[in-house]
Amino acid sequence: MGNQTEGDKIFVDEFVWPFLIPLMTTVSCTIALEVLAHILMSLVTIVVVRKCLRIHLIGTAEHAYYCTLGLFLCVGECLLMTNTWWMRRLFTHRGLLRTHMGLGMLCLWPGFIGILMKCINKVKQNAMEEEQYESHCTSKHSLCGLLGYFLLVGALGTGLSLVWYSEMALHLTHRLLGLSGFTTLACSLWFSFNTGFARREWSARMVICLKAGVMIGGFAACSSELWTLAGETFHSLPAAFIRAFDLADSEGRWGPIGKSVH
Numbered sequence: 001m002g003n004q005t006e007g008d009k010i011f012v013d014e015f016v017w018p019f020l021i022p023l024m025t026t027v028s029c030t031i032a033l034e035v036l037a038h039i040l041m042s043l044v045t046i047v048v049v050r051k052c053l054r055i056h057l058i059g060t061a062e063h064a065y066y067c068t069l070g071l072f073l074c075v076g077e078c079l080l081m082t083n084t085w086w087m088r089r090l091f092t093h094r095g096l097l098r099t100h101m102g103l104g105m106l107c108l109w110p111g112f113i114g115i116l117m118k119c120i121n122k123v124k125q126n127a128m129e130e131e132q133y134e135s136h137c138t139s140k141h142s143l144c145g146l147l148g149y150f151l152l153v154g155a156l157g158t159g160l161s162l163v164w165y166s167e168m169a170l171h172l173t174h175r176l177l178g179l180s181g182f183t184t185l186a187c188s189l190w191f192s193f194n195t196g197f198a199r200r201e202w203s204a205r206m207v208i209c210l211k212a213g214v215m216i217g218g219f220a221a222c223s224s225e226l227w228t229l230a231g232e233t234f235h236s237l238p239a240a241f242i243r244a245f246d247l248a249d250s251e252g253r254w255g256p257i258g259k260s261v262h
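Just so we're aligned, residue 1 is where the sequence shown starts under UniProt numbering, counting upward by one.
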């Protein structure tokens, strides 16, 4: 560590091990989070889908099968699609946008089937047990699931509008709706592991692992989108606001201006 002087200012240089430098960059952290999100979301989906297929998609298994595939994996991958570092090197920007649009429209269909199947099964169950009527839509799992689905419908509507009207406000609204929808649906999946179906089909240790996978994978998928969203919000701020709060934007990085020590 050494000190450098320039006029009446003193700049402090701290020693950093060379192998730690790439680990502390924003790009490296983003790449690590993206890889972690892909792995954990895929593992959770494989475990749930495999279990549902083993019991032949009977009852709640059919609901879990379609909703996990459509409203967790497809939505998560759709969220990562526009920011992922490796796909930008394999596909053109137009190709990524088309894939993003395709996944966005595709995820709603299996999600709708999963919700519809659960509603039908619940109506049949309540008809057979009229004395023990139970409303499924009052649970945290179902409320988060329905809210997340409607947020995705809003994200789809704003996304299709962007094809004709490319405005920053509409773009930010689209990203906020998509991010909020995925976060809410990830919470719904997390709450689903508290239900009787999960307790019957998996051990307590496996349920804990699945919950951890959903929570960490969901956070990793959202973090990259949050960083991009914050950057776009920063770029849309007036120049006077940026100067007033002492913010800088250099080489594609945004944040506080580095201060010198007097």
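From the three backbone atoms N, C-alpha and C, an ideal C-beta is built for every residue, glycine too.
Meets three-Cβ-pair contact criterion under 8 angstroms: the segment 55-70 and the segment 89-102: Not touching, per the Cβ criterion.
Pick from Lys51, Arg200, Leu80, Phe191 that is closest to alanine 32, judged by C-alpha positions: Here residue 32 refers to the residue found at position 32 of the sequence shown. Minimum Cα-Cα distance from alanine 32 among the listed residues Lys51, Arg200, Leu80, Phe191 corresponds to Leu80.
Cβ pair count under 8 angstroms reaching 3, the segment 213-220 against the segment 29-46: They touch, by the three-pair rule.
Inside the segment 118-163 only - alpha helix (DSSP H) runs reaching at least 4 residues: Residue ranges of uninterrupted alpha helix (DSSP H) with 4 or more members, entirely inside the segment 118-163 and ordered along the chain, are 140-161.
Three-state class that DSSP yields for histidine 63 in the structure shown: Here residue 63 is taken as the residue at index 63 of the sequence shown, counted from 1. DSSP places histidine 63 in the helix class (H, G or I) of the three-state scheme.
Close-in-space but distant-in-sequence residues of the same chain around alanine 212 (CB under 6 angstroms, 5 per side omitted): Here the question's residue 212 lines up with position 212 in the sequence shown. Here the set comprises nothing.
Extent of the continuous alpha helix (DSSP H) run through cysteine 78: Taking the first residue of the sequence shown as position 1, residue 78 is located at position 78. From DSSP, the alpha helix (DSSP H) with cysteine 78 extends over 75-81.
Residue environment, tyrosine 165, which counts as buried when at least 16 other CB atoms sit within 10 Å: What you label residue 165 is simply residue 165 of the sequence shown in a count that begins at 1. Counting Cβ neighbours within 10 Å, tyrosine 165 comes out exposed, since fewer than 16 surround it.
Three or more C-beta pairs below 8 angstroms linking the segment 193-206 and the segment 153-165: The segment 193-206 is not in contact with the segment 153-165.
Valine 123 burial status per 10 Å Cβ neighbour count (16 or more: buried): Within the sequence shown, residue 123 is the residue found at index 123, counting from 1. By the beta-carbon neighbour count (other beta carbons within 10 angstroms, threshold 16), valine 123 is exposed.
Reference glycine 145; option with closest CA among Leu172, Thr84, Phe112: Position 145 of the sequence shown, counted from the first residue, corresponds to residue 145. Comparing alpha carbon positions, the residue from Leu172, Thr84, Phe112 closest to glycine 145 is Phe112.
For glutamate 225, the three-state DSSP class (helix, strand or coil): For this step, residue 225 is matched to residue 225 along the sequence shown. The answer is helix: DSSP assigns glutamate 225 an H, G or I state.
The segment 98-105 contacting the segment 219-233, beta-carbon criterion three pairs below 8 angstroms: No: fewer than three Cβ pairs fall under 8 angstroms.
Buried or exposed (CB count within 10 angstroms, at least 16 for buried), alanine 220: Within the sequence shown, the letter at position 220 stands for residue 220. Label assigned to alanine 220: buried.
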